[in-house]
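**Q**
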Ligand SMILES: NC(=O)c1ccc[n+]([C@@H]2O[C@H](COP(=O)([O-])OP(=O)(O)OC[C@H]3O[C@@H](n4cnc5c(N)ncnc54)[C@H](O)[C@@H]3O)[C@@H](O)[C@H]2O)c1
Ligand SMILES: O=C(O)[C@H](O)[C@H](O)COP(=O)(O)O
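Structure (C-alpha cells):
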C-alpha cells in the first residue's frame, strides 16, 4: 500500500515503512499527480484536501494529525467513498497549556492575580474542558458557552453568548471553524459581540482565525473595550494583519497545539486509523514518543516569588515565539515548520515544593517528589 504524508509531521518517519511505501511531501506540496496512486494520506491543517486534489485519485483514507478538519472537504469525501479521520483531543492539553501560560504572562506583567477572575469559555469540547480544568486550578471562575452541548445536555451548565460577554473578565474561544449549521462560528466574535463585552476584557483566539473579525477586534482594542489580546490563530494565515499584530499582547504563529506530546499523540492516532482501516500492523508504533525535555527537573527554590506560575512558564513560555514572530511576521509558516516543540508539565519533576504546593502541582500535571 502507498501512504503520502506531509514531511513536517513529527515522529512519523520510519514507523510505517516496514509495511507501506511512504512518500513524504513538503508542507503544502500535495498535488493531484502526487496523490493519485496513494491509498492513504497523512496531512496537516495547511494541506487542503479538496475535490481538486482528490478527483480521480485512488485515495480511500485521509488522516489528519489535527483536531480541526476544516481543511478537508468532508462533503466531497463522504460522497466519493473517501473515509476521513481527524485526531480528536490529540493536542487539547497543549492548547490549555498555551492559554494558561499566556494568561499567567499577562497577569504577571500587570501585577494582577488570575485568582477570582471570570473566564468565559466559548466552545467547551476537548480543548475547552482542559482549559476549564487548568483555569479552575489557578482559582478562576468559569462561564461556559456551548449551544450544541446545551441543546444536547440541557442548559443548566451553560450561559448564552450575551451573558458570557457581559460577565467575563477574560474570553477564550475553542470552537471549530464552521460556516454552516445551527451555530456557525465564522466571525462569531464580530462588532456586535465586542459591543457587549465588559470594558477592559481580555480576548483569546487559539482555535481558528476567522472565528474573530479582524476589523472588529482592532476597533474594540482601539476603543479600549478589549484591553489585552492573545492571538494564536489569525485571519488569512500566514499573511497576518500587521496592524493587529501591533495591538496584540501575545502573538504566536498557530502553535498552541504544538507540544511534543500533542504532536506525538496526533501521529500515533493517524497511524492507528490506518492500521484499523487497512487491517495492517505497525510494529514500531510504540516508538512514537516525545523526547524528554533538556532540563526535566524544576527547582521551586530557584524562583524568588510566584513559584507555581514560574514553574508552569518553565515548561512553555509564549513570549519566546512571540518575539520571533514580531521580528519577522513573514516567517509565520517557517516558525511553524521549525518549531521547538515544548513538553507538557507531566514531563517535569518539581522539587522543593511545600505540601500545599505539591497538591496543586500534582493536579496541574507535574510529577512531584
Ligand atoms: N491553535 C491550535 O493549535 C489548535 C489546536 C487544537 C484545536 N484547535 C481548534 O480548536 C477547535 C476546538 O477543538 P476541540 O478539540 O475542543 O473540538 P471539539 O469538537 O471537541 O469541541 C468544540 C466544541 O465547540 C462547540 N461549539 C460548536 N459551535 C459552537 C458555537 N457556535 N458556539 C459555542 N460552542 C460551539 C461544540 O459543541 C463542541 O463542544 C478545533 O476545531 C480546532 O479548530 C486549534
Ligand atoms: O486543529 C488542530 O489540531 C490545530 O490547529 C493544529 O495545531 C494544527 O497544526 P498543523 O496541522 O498546522 O501542524
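In the numbering used here, the protein residues as written are 491 to 859.
By construction, the Cβ of each residue, glycine as well, lies at the ideal position given by its N, Cα and C atoms.
(1) What alpha helix (DSSP H) runs, 4 residues minimum, are completely inside the stretch 578 to 608?
(2) Who pairs with residue 693 in a beta bridge, going by DSSP?
(3) Would you check whether ligand 2 has a heavy atom nearer than 7 Å to the C-beta of residue 597?
(4) Go ahead and label residue 635 buried or exposed: buried means 16 or more other beta carbons lie within 10 angstroms of its beta carbon, across all protein chains shown.
(5) Nearest-angstrom Cα distance between residue 708 and residue 734?
(6) Would you kindly work out how many angstroms separate the C-alpha atoms of residue 552 and residue 530, rounded to a whole number?
(7) Check whether the Cβ of residue 699 sits closer than 7 Å to any heavy atom of ligand 3, and report yes or no.
(8) Measuring from the CB of residue 673, is there a heavy atom of ligand 1 at a distance below 7 Å?
(9) Looking at C-alpha atoms only, which residue of 527, 509 and 495 is the closest neighbour of residue 519?
(10) With a threshold of 8 Å on Cβ separation, who are the neighbours of residue 856 within its own chain once the five nearest residues in sequence on each side are excluded?
(11) Which residue's Cα is closest to the Cα of residue 605: 628, 595 and 650?
(12) Once DSSP output is grouped into helix, strand and coil, what is the label at residue 705?
(13) On the three-state DSSP scale, how would you describe residue 514?
(14) If you follow the beta strand (DSSP E) that residue 878 is part of, which residue opens it and which one closes it?
(15) Would the stretch 534 to 549 count as touching the stretch 795 to 812 if we require 3 or more Cβ pairs under 8 Å?
(16) What separation, rounded to the nearest whole angstrom, lies between the Cα atoms of residue 845 and residue 797?
(17) Would you check if the stretch 738 to 751 and the stretch 813 to 828 touch, i.e. whether three or more CB-CB distances between them fall below 8 Å?
(18) Between residue 831 and residue 768, which are expected to be in contact by the criterion C-beta below 8 Å, what is the C-beta distance as a whole number of angstroms?
(19) Quick one: is the Cβ of residue 501 within less than 7 Å of any heavy atom of ligand 2?
(20) Can you tell me where the alpha helix (DSSP H) with residue 850 in it begins and where it stops?
(21) Determine the contact status of residue 539 and residue 557, defining contact as a CB-CB distance below 8 Å.
(22) The alpha helix (DSSP H) that contains residue 621, what's its start and end?
**A** Taking the definition as stated:
(1) 582 to 600
(2) 661 and 719
(3) no
(4) buried
(5) 6 Å
(6) 6 Å
(7) Among the ligands present in this structure, namely ligand 1 and ligand 2, ligand 3 is not found.
(8) yes
(9) 495
(10) 788, 801, 835, 836, 838, 839 and 840
(11) 628
(12) helix
(13) strand
(14) For the chain, the structure presents residues 491 to 859; residue 878 sits outside this window and is missing.
(15) no
(16) 13 Å
(17) yes
(18) 28 Å between Cβ atoms; not a contact.
(19) no
(20) 845 to 854
(21) no
(22) 616 to 627
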